[in-house]
Every structure is written in C-alpha cells, then in structure tokens.
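Below is one structure, written out as structure tokens, with a few remarks after it.
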Ligand SMILES: Nc1ncnc2c1ncn2[C@@H]1O[C@H](COP(=O)(O)OP(=O)(O)OP(=O)(O)O)[C@@H](O)[C@H]1O
Ligand SMILES: [Mg+2]
C-alpha cells in the first residue's frame, strides 16, 4: 500500500510559485485499479509522479508498504523505483531505432541483469501481451496501439508491484484505447496495483477506486455508481 499524508507540492518560488498539490492524503491499495481523475492542470501528473517516487513532495510524507520514502537515500530510492514501479506515458517514450525486444529489456540493464536473462524476460512478457511477432521490429515501425502495448510490456518486464499510467490512451484512437484499457485491467487482475491518470470519466469507470482532483485538492471516493 502506498499512502500520501498531507502532501503539498509547490513548483517555483515567490510570485510565480504554483501550488500543484494541496494537503493531499490518499492511499493506493494493493491489487486495486485506482484512477486519478481531473481536468488539465489539476495536478494529476504531479500526484502520479509522487505516488511513483519520480518526484518528491514539498512537504508531507509518502509511505510505501510502511517505509517512509522521504527517509531513503538517493540510491535506496532508485532501487525502490527499479523494483517496485513501472511507468506508462501518453507518448510512449520508446527508443525509435531500437528493436521491440531491446526497448522492453531496457529496464533490466539498469537492474544489472545479464543479456540472457534480460532477453528471456522480455520475450516472456511480449508473448504474454501477444506481441511475439513484433520482437525484431524497430519501435518506429509500429502503430500507436502497438507502441503503447510495447511500452506496457517494458513497464512490466521487471515484475513491479504497481503500474502507473499517465493518460495512456491520449494518443490512441478509440479501439486501440479500449485495448490498452483492457490490458491494464488484466494486469490488475493478475495481482498488480494499477494507477491510471485520466481526464476521461469513461476510462475512470475501469477503476475500483477513484481519486478526484481539482486545483490540487484530491478526494478519494469508491467506485462510481
Ligand atoms: N515542472 C513544473 N514546473 C512548474 N510548474 C509545473 C511543473 N509541472 C507542473 N506544473 C504546474 O502544476 C500544475 C499541475 O500540473 P500537472 O502537470 O500535474 O497537471 P495535469 O493534471 O497532469 O495536467 P494535464 O492533464 O494537462 O497533463 C499546473 O498548473 C502546471 O502548470
Ligand atoms: Mg498530466
């Protein structure tokens, strides 16, 4: 479980400061599908980045399975991220000239695994996601939907506890978007926590928990009726 207690995030200083999160206290439950729902500029990505330890609060605390992230060293935090979190972004962030296999295996280089082990794990996750015929293709030869599925494979290859997806369907047509949402649901059913950032109520309906965010104020609610 990840728990934010009284988290504030302020970008900049003085007159130009932006108060992006205001006294946010929320929990991300294990194995649940949580959506962060709000308009553009409401603070969704800021919140997701703090939940995923990509960014730190200006004040307040983040606990991950009882450990206070604010008390970890930079090395411990990097290690925590490498083991625990997988990220998916609207614009995929694949290396365009690398093969699908190399893109998916990349997080395992950071984790210090051997080439053999990296490739075995990448192939296994690509097979699971029905992408085995794309393994040798370059990322820039794929459609948007295929790219997003590859980026989801990359987010899963190191078997994280939690997958965080920031507007993952934002660059996709409705059919590919629906496929990506179904894939995220499946990942959640396989036992992982999924955090979805969206401005779209329809996508948020996939979630068991919804965090509404408006002008940096976040409120948890259960499933929509
Ligand atoms: N690095 C930054 N420096 C300064 N201000 C920032 C930074 N990142 C975000 N902000 C500001 O913080 C507020 C929240 O931004 P955030 O990106 O979290 O919103 P969002 O809900 O994800 O928006 P969108 O739906 O457009 O992606 C906005 O006012 C934004 O301009
Ligand atoms: Mg955003």
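Residue numbers (my numbering): 1221 to 1445.
We put the beta carbon where it would ideally sit given N, CA and C, even for glycine.
query: Closest Cα partner of residue 1265 within the set 1386, 1304, 1306 and 1409; result: 1386
query: Cβ-based burial, residue 1445 [other Cβ within 10 Å; buried from 16]; result: Any reading at residue 1445 needs caution, since the residue's pLDDT is 47, under 50, leaving its predicted position unreliable; the model's value is listed next. With fewer than 16 other Cβ atoms within 10 Å, it is exposed.
query: Contacting residues, own chain, Cβ-Cβ under 7 Å from residue 1429 (five flanking each side not counted); result: 1249, 1252, 1254, 1440 and 1442
query: Simplified DSSP state of residue 1355, which is helix, strand or coil; result: coil
query: Contact set for residue 1367: own chain, Cβ-Cβ below 7 Å, skip 5 residues either direction; result: 1312, 1314 and 1359
query: Residue 1268 to residue 1316 span [Cα, whole Å]; result: 25 Å
query: Any residue whose CB is nearer than 6 Å to a heavy atom belonging to ligand 3, listed in chain order; result: Ligand 3 is not part of this structure, which contains only ligand 1 and ligand 2.
query: Residue 1306 in three-state terms, based on DSSP; result: strand
query: CA nearest to the CA of residue 1409, picked from 1392, 1398, 1388 and 1382; result: 1382
query: DSSP state of residue 1377 mapped onto helix, strand, coil; result: coil
query: Contact check, residue 1270 vs residue 1247, beta carbons under 8 Å; result: no
query: Anticipated Cβ contact below 8 Å, residue 1426 with residue 1405, distance rounded; result: 6 Å
query: Three-state secondary structure (DSSP) of residue 1221; result: coil
query: Any non-hydrogen atom of ligand 2 within 7 Å of residue 1250 CB; result: no
query: Whole alpha helix (DSSP H) elements within the stretch 1234-1314, 4-residue minimum; result: 1264-1271 and 1294-1304
query: Given residue 1394 as reference, the closest of 1330, 1419 and 1365 once Cα atoms are compared; result: 1365
query: Euclidean distance between Cα positions of residue 1242 and residue 1263; result: 10 Å
query: With 16 other Cβ atoms within 10 Å as the buried cut-off, status of residue 1401; result: buried
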